[in-house]
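Sequence lines, in order, name chains A and B. Sequence positions in the first sequence follow this note's numbering and run 1 to 485. Sequence positions in the second sequence follow this note's numbering and run 1001 to 1311. See below for the structure under consideration.
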Amino acid sequence: MKLADLLLSFQFTPSFLKFITLSPGVLAIGFLIVVILTALFGRIYCAALCPLGILQDIIFRLSRKLRKKQRPQYQKPYPKIQFAVFAVTLISAVLGSFALLNTLDPYSFFGRIASNLFEPVLIFANNLVIPLLEKFEIYAHSTLTIHHISASVLIFNLLALFILAAMVVLRGRLYCNTLCPVGTILSVFAKHSLIKIQIDNPKCTSCKKCERICRAGCIDIAERKVDSGRCVACFDCIDICPTKAVEYKFSSAGPAAQSGDPRRRRFLRYALYGTGVLTLASIPLRKKTRRKLLTGRSQPVMPPGATDIDHFTATCTACHLCVSNCPTNVIRPAIAEYGLAGLLQPTLNFDNSYCDYDCNICTQLCPTGALQPLMLEAKQLTQIGTCKLVPKKCIVYRTCEDCGACIEVCPTHAVYAIERNGIYFPKTNPDICIGCGFCEKVCPARPRAITVEGSAIQIAAQAPYSNQAPVRKQDAQPTLEEFPF
Amino acid sequence: MSTNEKLNRREFFKKSLGAGAAFLGASMLGGTRFAWADDTAIAFPDLVAVRNGLPELMFEKAIAAMGGMERYVKKGQTVVVKPNIGWARGPETGANTNPALVKRIVEYCYKAGAEKVYVFDNTCNDWRKCYDLSQIEKYAKEAGATVAPGHDERYYQEVEIEGAKVLKKTKVHELILESDVFINVPILKDHGGAGITVAMKNLMGVVWDRGFYHGRGLQECISDFCLYRKPDLNIVDAYLVTMDNGPQRARPEDLSLKKSLLISEDIVAVDAAAAKIFGVEPEKIDHIKLAYEKKIGNIDLSELNIKRISL
Chain A
1 MKLADLLLSF QFTPSFLKFI TLSPGVLAIG FLIVVILTAL FGRIYCAALC PLGILQDIIF
61 RLSRKLRKKQ RPQYQKPYPK IQFAVFAVTL ISAVLGSFAL LNTLDPYSFF GRIASNLFEP
121 VLIFANNLVI PLLEKFEIYA HSTLTIHHIS ASVLIFNLLA LFILAAMVVL RGRLYCNTLC
181 PVGTILSVFA KHSLIKIQID NPKCTSCKKC ERICRAGCID IAERKVDSGR CVACFDCIDI
241 CPTKAVEYKF SSAGPAAQSG DPRRRRFLRY ALYGTGVLTL ASIPLRKKTR RKLLTGRSQP
301 VMPPGATDID HFTATCTACH LCVSNCPTNV IRPAIAEYGL AGLLQPTLNF DNSYCDYDCN
361 ICTQLCPTGA LQPLMLEAKQ LTQIGTCKLV PKKCIVYRTC EDCGACIEVC PTHAVYAIER
421 NGIYFPKTNP DICIGCGFCE KVCPARPRAI TVEGSAIQIA AQAPYSNQAP VRKQDAQPTL
481 EEFPF
Chain B
1001 MSTNEKLNRR EFFKKSLGAG AAFLGASMLG GTRFAWADDT AIAFPDLVAV RNGLPELMFE
1061 KAIAAMGGME RYVKKGQTVV VKPNIGWARG PETGANTNPA LVKRIVEYCY KAGAEKVYVF
1121 DNTCNDWRKC YDLSQIEKYA KEAGATVAPG HDERYYQEVE IEGAKVLKKT KVHELILESD
1181 VFINVPILKD HGGAGITVAM KNLMGVVWDR GFYHGRGLQE CISDFCLYRK PDLNIVDAYL
1241 VTMDNGPQRA RPEDLSLKKS LLISEDIVAV DAAAAKIFGV EPEKIDHIKL AYEKKIGNID
1301 LSELNIKRIS L
């Protein structure tokens, strides 16, 4: 876990979000370090630290091996697209909707692919091996449950991976230089970085080996230029140059490039205004969906530490680190629960799982601070929702048969038993309920007689038993002095 | 001495020698049990109740009074020991069976000649946490048991239960289906659904779909299961008893140190005795009454041969 934490602290967007929301704990300056490194050395983050970058490189290598005929060459940049995407992302984020940022942020993108696509495959493979081990009575490892993934989440992620892979196979690191918001920010610093990859004119023989190997398509041998803004600092070009003409050295001063055609500049200006207006127009629409969300039939259950729905949906990047680390797999990506703005952000689903009373893992590892870290004792008093019992749906109230499933599992005894004529009826005490959902999970009635309603603001519950109904039995004989038979 | 007497003495010697030779021959060939009186004739108790000792020590006294573990476990057999490992709670909370007791039982099984002793449960909380925090896995392994998982539907096979009122079929763990000897080791607790949980309720941990019991008639299903396979031996841990707010996360003041242990082959009788220790009449607990009506065992303790041991 330690190495992952270290790498996590340098992920740009999570660190940035943690910084601006002033989350407690270690000061999140990982993103600043990345910016400084980029300004000095170029986009080494993109080749070495970014998990999506590494995934793209793997796909790139595979596609090269399989399609030997393809000879990638210099690609022209798409600054208009890059700028437009970034502008819309930035403006919508500033105005409160992180949907686009969450979708495009490379760390979150990778997190969702890993958690929703790779992890089930790995667990499936594990579950194939375990029965073989058990044949030899080796119980050291066990089968794991593949957590439920809804069809829409699966399709969304498959589509995203497919589009990404297509971009890589056709154009290398195209994503990094058009859609990725981190890439756009870092390209500004890398364009004028202190140390750059450059081509030494005299030594170059125009063999084009470097241009062909460049995964970002940013080397133009015709101009003997390396576009530092798009270069991801993988250093393949340096390795492959037979005359050592490609060098990584302090940048030599060159004439500042003209931005080009004034008509183009005007077009860009209008494009910017257009997206700005469109985004502003979407504010009243967003407010409407937010209102429907909060006053609608039910408030979704947020993981503990979410504090309140505004903070949570504004800070979460839907990276799914909590989803994949949840030991009971109760945290699932939402589709419509948070509205479109909260697409794929985590919510709790109690259909066949519950939030373990003795666990606070999600609060400890959220990289953006959307879930504030909570000590276990604090988490055990955090009310993420409250239980609601509908007696006319409950088997005990309807048929006078014992059940007790909800009473049995409640960790705070917010659901407890009242005896009447030898039957044990469930009763609820929502003040001490923390919304863990165990009661909802085990209720055998369909539709369920007891469910959890999410809390828009996670307040502190009262302590377990604090307003307990009177003790049902007095123990007449606390120690056994003689046998009662 | 008359001729008759002389003849009688000769007869006596001849017959004795003959019997002796036959006996020697029989013992060399493999068994003299035919010569001993039947078990029932020696009258081992129907139920043994021990009080005022540590769980594992009370068990030693109890099993001795029952005639020794050798009565239940023969050489080369496989044994499944089924404690209550339902909850991710430590031994001091009284939510699971005492681990030292489980360890001692496993040791006695091996001493009686068992080939393999398995320990498992279909837990309510996460199985890894339950097995670890209850310390039952650790202690059972120290005694050489194979601690097996019960969390995967793969391990269970469907069986039909003849004569069942509600639980006509259910999926049962393969260890129950395949082991020679089945030893049930519950802990006595208050239960907010069933009333109390003892030996019969503990058997909910050998089936896959516990939700079925809760949804279709808890008390009826608990008693129905015993029509399928009754444990060969029931050992009830009544050392630290949860008297209220059970079966888990009761307050410390809800626990009572009853310091007792019960053993019986009769699952209904042992539940009835446990109910009395708990302070409730057995007839008041529906699944005990239903099981008695289904002729699974005897609810009337006055009809039983009970050995009481106070340490």
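Where a beta carbon is used, it is the ideal one built from N, C-alpha and C, also for glycine.
Going along the chain, which residues of its own chain have a beta-carbon closer than 6 Å to the beta-carbon of A:Leu8, five neighbours each way excluded? Pro367.
Kindly indicate which three-state DSSP category B:Ser1256 falls into: helix, strand or coil? If DSSP states are grouped into helix, strand and coil, B:Ser1256 belongs with the strands.
Nearest-angstrom Cβ-Cβ length linking A:Pro327 and A:Ile361, presumed shorter than 8 Å: Contact flag correct, Cβ pair sits at about 7 Å.
Looking at B:Val1050: is its Cβ nearer than 8 Å to the Cβ of B:Ile1309? Pairing B:Val1050 with B:Ile1309 gives a Cβ-Cβ distance under 8 Å.
Check the Cβ of A:Ala47 against every Cβ in chain B and list those closer than 7 Å, keeping chain order. In chain order: nothing, as chain B lies at least about 39 Å away.
Does the beta carbon of B:Ile1306 sit closer than 8 Å to a beta carbon anywhere in chain A? Judged by the 8 Å Cβ criterion, B:Ile1306 is in contact with chain A.
Under 9 Å between beta-carbons, which chain A residues line up against B:Ala1062? List them in chain order, please. Ordered by position in chain A, no residue passes the 9 Å Cβ test against B:Ala1062, which lies about 13 Å from the chain.
For A:Cys387, which residues does DSSP report across the bridge? A:Cys387 is bridged to A:Val452.
For B:Asn1122, count neighbouring C-beta atoms within 10 Å of its own C-beta (all shown protein chains included) and say buried if the count is 16 or more, exposed if not. Burial is judged here by how many other beta carbons sit within 10 angstroms of a residue's own beta carbon; B:Asn1122 has at least 16 and is buried.
Per the DSSP calculation, B:Arg1051 is bridged to which residue(s)? BP columns for B:Arg1051 point to B:Ser1260 and B:Ser1310.
Going by DSSP, what residue range makes up the beta strand (DSSP E) through B:Gly1195? Note, B:Gly1195: beta strand (DSSP E), Gly1195 to Thr1197.
Would B:Ser1134 count as contacting chain A if we go by Cβ distances under 8 Å? Using beta-carbon distances, B:Ser1134 does not count as an interface residue toward chain A, since no partner is under 8 Å.
Check whether the Cβ atoms of A:Gly437 and A:Leu371 lie closer than 8 Å to each other. No.
Proximity of B:Pro1045 and B:Met1066 at Cβ, strictly below 8 Å: The answer is yes: Cβ separation under 8 Å.
Take the Cβ of A:Cys231 as the centre, count every other Cβ of all protein chains shown within 10 Å, and call the residue buried at 16 or more, exposed below. It counts as buried.
Would you report the Cα separation of A:Pro464 and B:Leu1133, rounded to the nearest angstrom? Roughly 22 Å separates the two Cα atoms.
Beta-bridge partners of B:Val1185, as assigned by DSSP: Answer is B:Pro1083.
Nearest-angstrom Cα distance between B:Tyr1213 and B:Lys1168? Linking B:Tyr1213 to B:Lys1168 through their CA atoms gives a straight-line distance of about 11 Å.
What are the boundary residues of the alpha helix (DSSP H) that A:Phe250 is part of? In the DSSP assignment, A:Phe250 falls outside any alpha helix (DSSP H) and lies within the beta strand (DSSP E) extending over Val246 to Phe250.
So A:Thr103 is in the alpha helix (DSSP H); what residue range does that whole segment cover? Ala99 to Leu104 is the extent of the alpha helix (DSSP H) around A:Thr103.
Counting only beta-carbon atoms, is A:Thr295 nearer than 8 Å to chain B? Note that A:Thr295 has pLDDT 38, beneath the 50 cutoff, so the model's placement of it is unreliable and the number below is only indicative. At a cut-off of 8 Å, the C-beta of A:Thr295 has no neighbouring C-beta in chain B.
When A:Ile457, A:Ile197 and A:Pro202 are compared against A:Ala235, the one with the closest alpha-carbon: It is worth fixing the name first, because residue 235 of chain A is Phe in this sequence and not Ala. Comparing Cα-Cα distances from A:Phe235 to each of A:Ile457, A:Ile197 and A:Pro202, the minimum goes to A:Ile197.
Return helix, strand or coil for A:Gln198, following the three-state DSSP convention. In the structure shown, A:Gln198 sits in a strand (DSSP, three-state: E or B).
When the Cα of B:Val1185 is compared with those of B:Gly1193, B:Ala1148 and B:Thr1197, which residue comes out closest? For the residues B:Gly1193, B:Ala1148 and B:Thr1197, the minimum Cα distance to B:Val1185 belongs to B:Thr1197.
Any beta-carbon of chain A closer than 8 Å to the one on B:Ile1196? No - not a single Cβ of chain A is within 8 Å of the one on B:Ile1196.
By a C-beta neighbour count over all protein chains shown, 10 Å radius and 16 as the cutoff for buried, is B:Ala1269 buried or exposed? With 16 or more other Cβ atoms inside 10 Å of its own Cβ, B:Ala1269 counts as buried.
Note down, in chain order, every chain A residue with its Cβ under 9 Å from the Cβ of B:Thr1242. None at all; the shortest Cβ gap to chain A is about 11 Å.
For B:His1173, the first and last residue of its enclosing beta strand (DSSP E): Taken as a continuous stretch (DSSP letters only), the beta strand (DSSP E) holding B:His1173 covers Lys1169 to His1173.
For B:Gly1030, count neighbouring C-beta atoms within 10 Å of its own C-beta (all shown protein chains included) and say buried if the count is 16 or more, exposed if not. Note that B:Gly1030 has pLDDT 47, beneath the 50 cutoff, so the model's placement of it is unreliable and the number below is only indicative. Exposed, since its Cβ has fewer than 16 Cβ neighbours within 10 Å.
Taking A:Leu186 and A:Cys319 to be in contact with their CB atoms under 8 Å, please state how far apart those CB atoms are, rounded to whole angstroms. Wrong, their Cβ atoms sit about 19 Å apart, outside the cutoff.
Compute the distance between the beta-carbons of A:Cys394 and A:Thr428, then report whether it is under 8 Å. No, the Cβ-Cβ distance between A:Cys394 and A:Thr428 is not below 8 Å.
How is the alpha helix (DSSP H) around A:Phe31 delimited, first residue to last? Gly30 to Phe41 is the span of the alpha helix (DSSP H), which, as asked, contains A:Phe31.
Residues near B:Lys1111 in its chain [Cβ-Cβ closer than 8 Å; skip 5 each side]: Answer for B:Lys1111: Met1069, listed in chain order.
Under the three-state reduction of DSSP, which class applies to B:Leu1233: helix, strand or coil? Three-state result, B:Leu1233: strand.
Could you tell me whether any Cβ in chain A is nearer than 8 Å to the Cβ of B:Gly1113? Nearest CB-CB separation between B:Gly1113 and chain A: not below the 8 Å threshold.
Three-way DSSP call (helix, strand, coil) for B:His1287 in this model: Helix.
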